[in-house]
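Here's the structure we're looking at; comments come further down.
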Amino acid sequence: MSSISLVQKFKEKTGGKSFFEIIEVATNAISRIIQAKIYLRNCNKVGKLVSVNQKPLIKNEGYIEFADEVRIWSMVNRTKIFVEKGGKLIVGRNSRINGAHISSSNSVTIGENVRIGPYVIIMDDDYHDINDHFAPEGGKKSPIVIEDNVWIAMDAKILKGVRVGTGSVVAASSVVTKDVPPFTVVAGIPAKVIKQIPH
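Residue numbers for the sequence shown follow my numbering, beginning at 12 and rising by one.
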């Protein structure tokens with residue numbers, strides 16, 4: 012078999028990609044997995060094939076768990092994750108966080124196959140600056156649950172005590188203050204159901 016026919020067979024099996032394109036993709040994937048080992052070293056549990064792109068800021072004084080194949084990217088904005096003492100963050104399999112800010116002093120649970128866009132803020136507490144002597148002591152805390160297959164678009168805010176139902180979409184720049192029913196699209200300030208999603 013000639014070298015030309017070997018190259019043609021290789022391209023057929025790889026969807027037309029050259030050997031060098033495949034090496035580049037593999038190198039990038041390995042690099043992101045190595046970055047995850049570095050940037051997620053202070054997390055309590057990190058699953059298989061978790062990857063990091065760019066430099067997230069992660070502060071863990073509580074409990075952080077990332078399931079298999081989670082991706083933490085900072086393409087548009089730097090991802091920031093803060094878990095305070097007594098707080099907990101659990102992120103389900105194959106979920107993607109890209110440039111969001113997640114803060115927990117109680118509990119934030121993110122399901123499987125969730126997509127979280129840039130500038131999204133998820134906070135389970137009414138935080139106050141430690142040096143703000145006029146603020147009440149300690150904010151109100153309440154857990155947040157984001158179920159499977161949810162898409163949270165750019166600049167949305169998810170506030171304490173909220174459950175975002177399976178298969179739902181939170182539109183860009185929305186502020187979620189109440190539970191989101193499954194298979195709905197919510198939008199606005201405060202977010203309201205604007206559409207049902209067939210399932």
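We put the CB at the ideal spot given by N, CA and C, even for glycine.
Spell out the partners DSSP gives residue i in its beta bridges.
{"i": "residue 56", "result": "76"}
{"i": "residue 207", "result": "195"}
{"i": "residue 28", "result": "Its beta-bridge partners do not exist; DSSP assigns none."}
{"i": "residue 134", "result": "114"}
{"i": "residue 36", "result": "Note: residue 36 sits in no beta bridge, so no partner."}
{"i": "residue 64", "result": "84"}
{"i": "residue 100", "result": "75, 119"}
How big is the Cα-Cα spacing for residue i and residue j?
{"i": "residue 136", "j": "residue 120", "result": "14 Å"}
{"i": "residue 118", "j": "residue 129", "result": "21 Å"}
{"i": "residue 206", "j": "residue 98", "result": "33 Å"}
{"i": "residue 204", "j": "residue 165", "result": "18 Å"}
{"i": "residue 175", "j": "residue 59", "result": "26 Å"}
{"i": "residue 40", "j": "residue 61", "result": "10 Å"}
{"i": "residue 101", "j": "residue 179", "result": "19 Å"}
{"i": "residue 51", "j": "residue 31", "result": "30 Å"}
{"i": "residue 167", "j": "residue 159", "result": "18 Å"}
{"i": "residue 197", "j": "residue 191", "result": "7 Å"}
{"i": "residue 79", "j": "residue 124", "result": "11 Å"}
{"i": "residue 27", "j": "residue 38", "result": "18 Å"}
Anyone know if the C-beta pair for residue i and residue j falls short of 7 Å?
{"i": "residue 114", "j": "residue 81", "result": "no"}
{"i": "residue 55", "j": "residue 75", "result": "yes"}
{"i": "residue 186", "j": "residue 200", "result": "yes"}
{"i": "residue 122", "j": "residue 94", "result": "no"}
{"i": "residue 126", "j": "residue 84", "result": "no"}
{"i": "residue 188", "j": "residue 170", "result": "yes"}
{"i": "residue 43", "j": "residue 64", "result": "yes"}
Kindly give me the distance between the Cβ atoms of residue i and residue j, rounded to whole angstroms, as I take these residues to be in contact under 8 Å.
{"i": "residue 86", "j": "residue 110", "result": "6 Å"}
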